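Protein chains in written order, with my numbering: chain A, -18 to 61; chain B, -18 to 61; chain C, 694 to 845; chain D, 694 to 845.
Heads up, the thing below is written out as structure tokens.
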């Protein structure tokens, strides 16, 4: 089982992709997804507490992730 | 002897003119000019403490007025 | 945030005009490669004032003094917010509802001084610059507006 | 100051675009006969950042979420400053020095809420909206900008 996670900017560079398949089994938590990502190639470049969006809204590490949810890692934003 | 005083907006309406000749003898003070203006037709419509500009800058009542100075009465401003 | 290079000298541009205000032109006058933020302000004629229905406003100024005061305000903003580039234009004559009477543009490397300078300029302009407005109402009456309610 | 009539409902307009920003169009979108003040903000590409000479910036967004966050910010501004009419546009893609990356327009009957809403929107946009910028420098290097200096 794996979940797709969307990547942008420096995180897309770190993983060398705009989407990675993360080997976790849903339902799980956002923290589980992030922990699994650290083991992927490039995962060592993630900060201690990366921001995560679940279905296009910022989510806590304890938030539940279900199959079909849209998950994205959000690098430090720099709009404006 | 008299000094010309520039009028604008509601003060021009009060005196019915854009300039009035005020019967004072220079050198005098801004207060002297204002006091003399109160005796002119329309002068009763001036507020207690009208703003006065001397040579295009706000002036105190005690400021000295000399022949050739540009004097103007400044109604409550409403720019913007 | 690291230090920025020293700001370039900028002579504020101020104007009193009778034609419609061109905000794009005003913004262009403060733009520069060193600029990262431009805060601007437009004052427009409102259809309602003090509950009365407005048809238009005549703006009148003591023009040479108004020009001096606007320039003084722009320079004071430049001193208080070092490096800010300020332009101000005020329209005179008769304006209808929704037309712009005043426009201010303040440009700076950073957004806080640009926005703060813009506020300083409009607040100072409202209390110091010798400009007056006569509001006309739908019932045919008119009055010289006194924002402070000073007895006349 | 007397009471103003209740504000009209206004649905904020937000957009992510790749073409150059048209501030006049943005301002027109918030204009209304009930409006007396329009505060606007332009963010522009600065030639120097952290002492490095910038040649251009690539802006990238998580577009659907960025759109949601911009709309949420505009609505929050509308709640905090009742009656304010907010439009926001952010440009994506490659921009050169002096080009505008973001524009905000906030219109209100009175100037204080218009200006305060504009500040709220730009500050919130900078911390919440998932948009990123890659700065390119004259020496050929580039970096993803991290305004908070968070270790990556």
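Positions of the beta carbon are idealized from the N, C-alpha and C atoms, including for glycine.
Here the structure is a predicted model, which means the values were calculated and not measured.
- Ranked by Cα distance from residue 2 (chain B), the first of B:54, B:45, B:59 and B:60 is B:54.
- With a contact defined as Cβ atoms closer than 8 angstroms, residue 802 (chain C) and residue 744 (chain C) miss out at about 44 angstroms.
- At a cut-off of 8 angstroms between beta-carbon atoms, residue 704 (chain C) makes no contact with chain B.
- Just so you know, the alpha carbons of residue 30 (chain B) and residue 16 (chain B) end up roughly 10 angstroms apart.
- In the DSSP assignment, residue 818 (chain D) falls within the alpha helix (DSSP H) that extends over 804 to 821.
- The alpha-carbon separation between residue 49 (chain A) and residue 14 (chain A) amounts to approximately 14 angstroms.
- Closest in alpha carbon position to residue 21 (chain A), among A:-2, A:42, A:47 and A:45, is A:-2.
- Taking a C-beta cut-off of 8 angstroms against chain D, the contacting residues of the segment 715 to 733 of chain C are 716, 717, 720, 724, 725, 726, 727, 728, 729, 730, 731, 732 and 733, listed in chain order.
- Here residue 40 (chain A) carries a strand assignment [DSSP, helix/strand/coil].
- The beta carbon of residue 739 (chain C) sits closer than 8 angstroms to the beta carbons of 747 and 790 from its chain, once the five residues preceding and following it are set aside; these are given in chain order.
- By the beta-carbon neighbour count (other beta carbons within 10 angstroms, threshold 16), residue 717 (chain D) is exposed.
- The alpha-carbon of residue 798 (chain D) is positioned some 7 angstroms away from that of residue 723 (chain D).
- For the segment 732 to 764 of chain C, not one full-length alpha helix (DSSP H) segment reaches 4 residues or more.
- Around residue -13 (chain B), the beta-carbon contacts reaching into chain C at under 8 angstroms are 755.
- Residue 785 (chain C) is positioned such that its CB atom lies closer than 8 angstroms to that of residue 709 (chain C).
- For residue 720 (chain C), the enclosing alpha helix (DSSP H) stretches over residues 716 to 723.
- Under the three-state reduction of DSSP, residue 798 (chain C) is assigned to strand.
- In the DSSP secondary-structure assignment, residue 786 (chain D) is bridged to D:752.
- Near chain D, meaning a CB-to-CB distance below 9 angstroms, the residues of the segment 37 to 50 of chain A are 37, 38 and 39.
- The closest CA to that of residue 757 (chain D), considering only A:36, A:7 and A:40, is found on A:36.
- Excluding five sequence positions before and after residue 821 (chain D), the CB atoms of its chain that fall closer than 6 angstroms to its own CB belong to 762, given in chain order.
- Residue contact check for residue 808 (chain D) against chain C: a CB pair falls below 8 angstroms.
- When the beta-carbon positions are compared, residue 840 (chain D) and residue 768 (chain D) stay at least 8 angstroms from each other.
- Residue -18 (chain B) counts as exposed, since fewer than 16 other C-beta atoms from the protein chains shown sit within 10 angstroms of its C-beta.
- In this structure, residue 823 (chain D) sits away from residue 770 (chain D), with a CB-CB distance that is not shorter than 8 angstroms.
- At least one CB of chain C lies nearer than 8 angstroms to the CB of residue 56 (chain B).
- Just so you know, the alpha carbons of residue 12 (chain A) and residue 25 (chain A) end up roughly 15 angstroms apart.
- Judged by DSSP in its simplified three-state form, residue 727 (chain C) adopts coil rather than helix or strand.
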